[in-house]
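*Asks:* Residue numbers (the working numbering), protein chains in the order written: chain A, 1 to 211; chain B, 1001 to 1211. Backbone N, C-alpha and C define an ideal beta-carbon position, used for all residues, glycine too. In this text the structure is predicted, and so the values were computed from the model without any measurement. Encoded as structure tokens, here's the structure I'll be asking about.
Protein chains: 2
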Amino acid sequence: MTSRERVRAAAVKLFAAKGFHGTGIRDLAQEAELSSASLYHYMGTKEDLLADIMTTALRRLLDTARHAVAEVTDPVARMRTLVALHVLAHAILPAETRVVDNELDVLSEGPRDQVVRLRDDYEKLWSDTIEEGVAAGVFHTAHPAVTRLALLEMCNGVARWYSPRGPLALDQLAAHYAELALRALGCDCPAGVSELRREREMVAKVWGVPV
Amino acid sequence: MTSRERVRAAAVKLFAAKGFHGTGIRDLAQEAELSSASLYHYMGTKEDLLADIMTTALRRLLDTARHAVAEVTDPVARMRTLVALHVLAHAILPAETRVVDNELDVLSEGPRDQVVRLRDDYEKLWSDTIEEGVAAGVFHTAHPAVTRLALLEMCNGVARWYSPRGPLALDQLAAHYAELALRALGCDCPAGVSELRREREMVAKVWGVPV
Chain A
1 MTSRERVRAA
11 AVKLFAAKGF
21 HGTGIRDLAQ
31 EAELSSASLY
41 HYMGTKEDLL
51 ADIMTTALRR
61 LLDTARHAVA
71 EVTDPVARMR
81 TLVALHVLAH
91 AILPAETRVV
101 DNELDVLSEG
111 PRDQVVRLRD
121 DYEKLWSDTI
131 EEGVAAGVFH
141 TAHPAVTRLA
151 LLEMCNGVAR
161 WYSPRGPLAL
171 DQLAAHYAEL
181 ALRALGCDCP
191 AGVSELRRER
201 EMVAKVWGVP
211 V
Chain B
1001 MTSRERVRAA
1011 AVKLFAAKGF
1021 HGTGIRDLAQ
1031 EAELSSASLY
1041 HYMGTKEDLL
1051 ADIMTTALRR
1061 LLDTARHAVA
1071 EVTDPVARMR
1081 TLVALHVLAH
1091 AILPAETRVV
1101 DNELDVLSEG
1111 PRDQVVRLRD
1121 DYEKLWSDTI
1131 EEGVAAGVFH
1141 TAHPAVTRLA
1151 LLEMCNGVAR
1161 WYSPRGPLAL
1171 DQLAAHYAEL
1181 ALRALGCDCP
1191 AGVSELRRER
1201 EMVAKVWGVP
1211 V
């Protein structure tokens, strides 16, 4: 790992465990095995580092999701893909995704706007898919926006409890969540577990973790 | 408010906003308008205060939920009640429930065990209800424990996004989440929004907030 990568990994670990406000510059330097001065060289301020972690993570998730659904027109298949990617990313990178999901309020206005824009773009993939499913008559929900938030939070939660040492393999986890989400959307989908092979390959490639 | 109540309210607010590690004794004293010395008198250590907040909140939720489902034998009705109470509590007390949901790892072993026991007792209400629904053939889920965690996280998320100034009233919110949860459980439930009047009355009484 380069020094920059070490700083980033240290920040993800400490921000996730102790929160942004609970993490001191000295903690970061110690965890990254650098002096406080050279830490500053690699990261700028602590807030710069947080903003960089959040925008990089969100952009990667957004790009991957966009690419994954680009040629998928069926809203049911799109939803399944969106849920699977989100769940896999949260299961593989629990610390990073917890930082993204929990520390937004910490940022000052400029970087915050940038993160919010990325998050809005990402969530728009979900809301468009839900709307198209409703228009096509395959999804049924009285409050599409609330349903989107509920499903996103359900999937975010994976970062808080999933353990690779548990009884459920990643592919089963992703398929189960896709089923829960589609059912919650009132979708009368065919039973039977989808393999999600393409999604797993994309996650393995983008995040460098075998799934 | 008594001094003790002021300290508690200050701690809930600051722990939720800045995390336990990010909140200093001096911040707490300032927010509660007390000296650091008298703060200590009212709260003991910062960890004692966190443990007290978590156990009190969880015990209240557990007692209310137990009471609410005590005489309800139909698993569908029980599930609807459990979801509604959880969602209402999280929407009404977002700061308190965020502290309960996020700061468990901060506690040392003794108080942590106590909190985990309460949480396990509470989650057992959910898992028993899901199991009974599966046994009765009204719920269908291949992974009941994962489904329970997914639904709890979905409902916890309300504390992160719900605003009373938004378009959805609390009773609609609770009813919508109950529908999402029952659908996710594969329940072929009658459409139409349940009024959840009893649940709203219980929440208003226990938490002192009109719903």
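I want to know whether the stretch 40-57 of chain A touches the stretch 107-117 of chain A - three or more CB-CB distances under 8 Å.
*Replies:* Yes: at least three Cβ pairs fall under 8 Å.
*Asks:* Between D63 of chain A and chain B, is the shortest Cβ-Cβ distance under 9 Å, so that the two count as touching?
*Replies:* Chain B contact via Cβ: absent.
*Asks:* With DSSP as the reference, label L93 of chain A as helix, strand or coil.
*Replies:* Here L93 of chain A sits in coil by DSSP.
*Asks:* Of the residues that make up the stretch 1168-1180 of chain B, which ones have a beta carbon closer than 9 Å to any beta carbon in chain A?
*Replies:* From the stretch 1168-1180 of chain B, only L1168, Q1172, L1173, H1176, Y1177, E1179 and L1180 have a Cβ closer than 9 Å to chain A.
*Asks:* Just to confirm, are C1155 of chain B and M1079 of chain B a CB contact at a threshold of 9 Å?
*Replies:* Contact: no.
*Asks:* Ignore the nearest five residues each way along the sequence and tell me which others in I1092 of chain B's own chain have a CB closer than 6 Å to its CB.
*Replies:* For I1092 of chain B, where only same-chain residues beyond five positions count, the Cβ hits under 6 Å are W1207 and V1209.
*Asks:* Along chain B, in chain order, which residues have C-beta atoms closer than 8 Å to that of L149 of chain A?
*Replies:* Ordered by position in chain B, the residues that pass the 8 Å Cβ test against L149 of chain A are G1157 and W1161.
*Asks:* Measure the CB-CB distance between R1098 of chain B and A1011 of chain B and report whether it falls below 9 Å.
*Replies:* The answer is no: Cβ separation not under 9 Å.
*Asks:* Should the stretch 21-32 of chain A be regarded as contacting the stretch 79-88 of chain A, the criterion being three or more beta carbon pairs within less than 8 Å?
*Replies:* Not touching, per the Cβ criterion.
*Asks:* If the cut is a Cβ gap below 8 Å, which residues of chain B does M154 of chain A touch?
*Replies:* Within 8 Å Cβ-Cβ: A1150, L1151, E1153, M1154 and G1157.
*Asks:* Would you mind giving the Cβ-Cβ distance between G1022 of chain B and G19 of chain A, rounded to the nearest angstrom? I have them listed as a contact below 8 Å.
*Replies:* Contact holds; Cβ gap of about 5 Å.
*Asks:* Quick check: the Cα distance between E179 of chain A and A84 of chain A, rounded to an integer number of angstroms?
*Replies:* About 10 Å.
*Asks:* Counting only Cβ pairs nearer than 9 Å, list the residues of chain B close to K18 of chain A.
*Replies:* The contacting residues are G1019, F1020, H1021, G1022 and V1106.
*Asks:* Closer than 9 Å, CB to CB, is G208 of chain A near chain B or not?
*Replies:* Not one chain B Cβ lies under 9 Å of G208 of chain A.
*Asks:* With H, G and I counted as helix, E and B as strand and the rest as coil, what does DSSP make of S1036 of chain B?
*Replies:* Reduced to three states, the DSSP call for S1036 of chain B is helix.
*Asks:* Identify whether A1136 of chain B lies in helix, strand or coil by the three-state DSSP scheme.
*Replies:* The answer is coil: DSSP assigns A1136 of chain B none of H, G, I, E or B.
*Asks:* Just to confirm, are E195 of chain A and S108 of chain A a CB contact at a threshold of 9 Å?
*Replies:* Not closer than 9 Å, so no.
*Asks:* Determine whether the Cβ of V116 of chain A lies closer than 9 Å to any Cβ atom of chain B.
*Replies:* Not closer than 9 Å to any Cβ of chain B, the Cβ of V116 of chain A fails to qualify, so no.
*Asks:* Helix, strand or coil for R1165 of chain B, going by three-state DSSP, please let me know.
*Replies:* Note: R1165 of chain B maps to coil in three-state DSSP.
*Asks:* At what residues does the alpha helix (DSSP H) containing F15 of chain A begin and finish?
*Replies:* S3 to K18 is the extent of the alpha helix (DSSP H) around F15 of chain A.
*Asks:* For the alpha helix (DSSP H) containing P1144 of chain B, name the first residue and the last one.
*Replies:* P1144 of chain B -> alpha helix (DSSP H) spans P1144 to N1156.
*Asks:* By alpha-carbon positions, which one of A:T141, A:A16 and A:Y40 ends up nearest to R26 of chain A?
*Replies:* The shortest C-alpha separation from R26 of chain A is found at A:Y40.
*Asks:* Would you please state the rounded distance, in angstroms, between the beta carbons of A1150 of chain B and Y177 of chain A? I believe it to be under 8 Å.
*Replies:* The Cβ separation is near 7 Å, so the contact holds.
*Asks:* Counting only Cβ pairs nearer than 9 Å, list the residues of chain A close to A1142 of chain B.
*Replies:* Near A1142 of chain B (Cβ distances below 9 Å), the residues of chain A are Q172, H176, E179 and V193.
*Asks:* Taking 7 Å as the limit between beta carbons, can you name the residues of its chain near V1138 of chain B, skipping five residues before and five after?
*Replies:* These residues qualify, in order along the chain: P1075, V1076 and C1187.
*Asks:* List the residues of chain A that G1186 of chain B touches, going by C-beta distances under 7 Å, in chain order.
*Replies:* Correct list: R183.
*Asks:* Taking all protein chains shown into account, decide if M1202 of chain B is buried (16 or more other Cβ within 10 angstroms of its Cβ) or exposed.
*Replies:* Answer is buried; the Cβ neighbour count reaches 16.
*Asks:* In the structure shown, what three-state DSSP assignment does S971 of chain B receive?
*Replies:* There is simply no residue 971 of chain B to check, as chain B begins at 1001 and stops at 1211 in what is shown.
*Asks:* Using the beta-carbon of each residue, which ones in chain E are nearer than 7 Å to V1076 of chain B?
*Replies:* Considering every chain present, this structure includes no chain E. Its protein chains are A and B.
*Asks:* From T1045 of chain B to S1038 of chain B, what does the alpha carbon distance come to, in whole angstroms?
*Replies:* The straight-line gap from Cα to Cα measures roughly 12 Å.
*Asks:* In terms of alpha-carbon separation, which member of A:L168, A:T147 and A:R60 lies closest to A204 of chain A?
*Replies:* Out of A:L168, A:T147 and A:R60, A:R60 has the C-alpha closest to the C-alpha of A204 of chain A.
*Asks:* Just mark R66 of chain A as buried or exposed, buried being the case when its beta carbon has 16 or more other beta carbons within 10 Å.
*Replies:* Classification of R66 of chain A: exposed, given that the 10 Å Cβ count is below 16.
*Asks:* S958 of chain B and A1145 of chain B look like a contact to me (Cβ under 8 Å); what is the Cβ gap, rounded to whole Å?
*Replies:* What is shown of chain B runs 1001 to 1211, which leaves residue 958 of chain B out entirely.
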